[in-house]
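Worksheet: one structure, shown below.
Chains as they are written, first to last, in the numbering used here: chain A, 10 to 424; chain B, 107 to 271.
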């Protein structure tokens with residue numbers, strides 16, 4: 010597309026030459042010369058300038074919390090105007106040569122998925138007199154891993170499985186504490202024979218007594234994240250997409266809690282599964298080990314707010330006798346219903362409240378009243394959960410202590 | 107460090123291009139136009155063109171500048187200044203039409219523009235100097251050049267308009 014500058018140049022050249030001729034002034038005629046030459050130079054058949062030649066690639070992070078992307082422009086035009094949106098919050102326009110590399114650095118204010126850089130552009134040729142059509146958007150999506158908090162103790166599942174964990178089970182096996190002295194039976198190892206006990210307590214000649222220990226078993230931990238809401242500290246930003254002024258959000262807390270619980274559980278040898286409680290939400294099947302933890306962290310970092318139309322929570326399958334951490338703000342009661350259902354099925358359910366400490370400044374009187382009402386309804390949900398035996402932990406500064414207290418208060422049944 | 111950064115190398119703001127257009131207009135007015143009224147008028151129109159590039163006021167400045175030349179005698183150096191100013195104003199106005207004021211413009215992106223300006227200026231200034239430094243004829247002289255010039259202007263107009271389509 011040619012800009013109106015062409016009309017200005019051609020019209021100006023003709024007018025100046027005409028005026029110069031009318032007034033017999035060669036100096037005025039000479040003024041038309043640069044405009045005419047410019048028009049002849051620039052008015053070329055338009056080149057194919059609309060080839061979309063921009064791509065974005067992530068760069069290694071130079072600083073913690075700063076995402077760097079490289080925008081590579083390779084276009085035949087003299088100039089390219091780029092519109093760059095950083096972290097979906099700041100729009101910048103830059104004009105660069107047709108072949109250029111631009112670095113975009115943006116601070117990650119929140120964990121989770123983010124469009125670190127979104128670029129569109131158009132070509133400008135011939136002193137911006139030939140303007141190309143707008144290119145399609147090229148988006149670089151990144152997943153920011155949440156921070157991790159050390160959790161010394163986690164509530165134990167009511168039912169232990171397997172013989173390879175780090176929790177002491179109730180079955181005879183290896184690795185656990187002393188269980189009992191038992192008559193030797195086929196299958197017992199000879200090195201288990203307790204000669205002192207045999208000498209003291211054997212009642213018949215040839216009778217051997219073996220020293221038995223408990224087995225070590227692993228527990229099953231399920232992390233279920235409710236992504237219906239992403240509510241920030243600043244209540245005035247609720248209902249907006251203003252993640253710059255929102256402060257820490259509930260999903261920031263949820264991701265941090267999920268990663269911390271997963272890390273602590275995998276460290277103790279437990280099997281950890283991860284579910285996002287929306288239709289089609291991501292699930293990671295139960296597993297253990299460092300590679301499984303890496304899969305979990307990637308899934309957690311990629312967990313963002315679900316769309317408005319995904320109010321339906323699916324019920325993910327969980328192993329029998331699991332410890333289930335339900336991470337939610339518990340505002341609409343759907344996550345609470347799931348927690349109650351799981352509790353009724355015999356699982357140990359911990360309701361992790363991810364709502365951050367609220368900043369109620371700048372609220373109007375009706376807004377403050379509305380907030381009080383929804384918080385009161387939420388308290389009612391927590392009362393129902395407590396009555397059903399669901400333990401509650403508020404994810405705050407002392408979450409590790411609270412989880413440790415719950416872990417010590419009830420160690421779970423053994424099998 | 108600021109939260110969000112774009113690194114494009116040495117750059118200027120889009121406002122600088124528009125300010126440069128006003129500066130060129132003011133400089134040309136001061137050099138060519140002795141009347142204060144026309145000087146102020148030129149600057150005001152240039153400012154309006156810088157603030158609202160789509161208004162086309164920058165090209166109005168191009169049409170007002172010849173008034174300054176017509177007011178005085180033919181002078182090669184005044185013509186040279188006017189040729190440079192007219193061309194620079196046109197290029198800056200063309201850039202201002204497409205480049206937003208709040209954008210950052212990499213200096214490297216302006217290199218082809220500067221090269222083209224220099225090339226066009228070189229040819230224009232040489233031709234203008236050759237024409238203006240030619241000895242003035244006495245009597246009828248080269249009066250035949252007037253209809254030839256008129257034909258040349260008409261031909262130029264036809265060529266430009268056909269290529270612009």
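Built from N, CA and C at the ideal position, the CB exists for glycine as well.
Would you give the residue range spanned by the alpha helix (DSSP H) that residue i belongs to?
i	result
residue 54(B)	Since the first residue of chain B shown is 107 and the last is 271, residue 54(B) is not available in this structure.
residue 147(B)	142-157
residue 306(A)	299-310
residue 376(A)	374-396
residue 272(A)	259-276
residue 180(A)	Careful: residue 180(A) lies outside any alpha helix (DSSP H), inside the beta strand (DSSP E) at 176-192.
residue 37(A)	35-51
residue 30(A)	14-31
residue 10(A)	First-last for residue 10(A): undefined, no H or E at that position.
residue 415(A)	408-418
In terms of residue numbering, what span does the beta strand (DSSP E) encompassing residue i cover?
i	result
residue 233(A)	229-234
residue 107(A)	99-116
residue 119(B)	117-119
residue 123(A)	121-134
residue 162(A)	That residue, residue 162(A), is in no beta strand (DSSP E); it is neither H nor E in DSSP.
residue 400(A)	400-403
Note down the Cα distance separating residue i from residue j, rounded to an integer number of angstroms.
i	j	result
residue 157(B)	residue 199(B)	11 angstroms
residue 343(A)	residue 392(A)	15 angstroms
residue 231(A)	residue 83(A)	48 angstroms
residue 239(A)	residue 259(A)	5 angstroms
residue 347(A)	residue 205(B)	55 angstroms
residue 38(A)	residue 119(B)	35 angstroms
residue 156(A)	residue 363(A)	15 angstroms
residue 275(A)	residue 345(A)	26 angstroms
residue 376(A)	residue 254(A)	18 angstroms
residue 81(A)	residue 111(A)	7 angstroms
residue 154(B)	residue 142(B)	18 angstroms
residue 16(A)	residue 131(B)	20 angstroms
residue 149(A)	residue 305(A)	22 angstroms
residue 192(B)	residue 370(A)	58 angstroms
residue 228(B)	residue 41(A)	14 angstroms
residue 139(B)	residue 165(B)	17 angstroms
residue 186(B)	residue 235(B)	8 angstroms
residue 277(A)	residue 165(A)	11 angstroms
residue 85(A)	residue 163(A)	60 angstroms
residue 200(A)	residue 218(A)	11 angstroms
residue 401(A)	residue 384(A)	16 angstroms
Would you say residue i lies against chain A (beta-carbon separation less than 8 angstroms)?
i	result
residue 206(B)	yes
residue 290(B)	Residue 290(B) falls outside the range modelled here, since chain B spans only 107 to 271, and no answer is possible.
residue 112(B)	yes
residue 256(B)	yes
residue 162(B)	yes
residue 272(B)	One cannot answer for residue 272(B) here, as it falls past the ends of chain B, which runs 107 to 271.
residue 121(B)	no
residue 138(B)	no
residue 170(B)	no
residue 264(B)	no
residue 116(B)	no
Using a 10 Å radius around the Cβ and a threshold of 16 neighbouring Cβ atoms, would you call residue i buried or exposed?
i	result
residue 338(A)	buried
residue 10(A)	exposed
residue 265(A)	buried
residue 31(A)	exposed
residue 204(A)	exposed
residue 126(A)	buried
residue 356(A)	buried
residue 176(B)	exposed
residue 128(B)	buried
residue 159(B)	buried
residue 386(A)	exposed
residue 223(B)	buried
residue 351(A)	buried
For residue i and chain B, any beta-carbon pair shorter than 8 angstroms?
i	result
residue 245(A)	no
residue 32(A)	yes
residue 35(A)	yes
residue 250(A)	no
residue 106(A)	yes
residue 136(A)	yes
residue 71(A)	no
residue 62(A)	no
residue 95(A)	yes
residue 120(A)	no
Residue i CB to nearest chain E CB: under 8 angstroms?
i	result
residue 147(B)	The structure shown contains no chain E; the protein chains it does contain are A and B.
Write down every uninterrupted run of the beta strand (DSSP E) in the segment 192-268 of chain B whose length is 3 residues or greater and which is fully enclosed by it, in chain order. Within the segment 192-268 of chain B, the complete beta strand (DSSP E) segments of 3 residues or longer fall at 210-212, listed in chain order.
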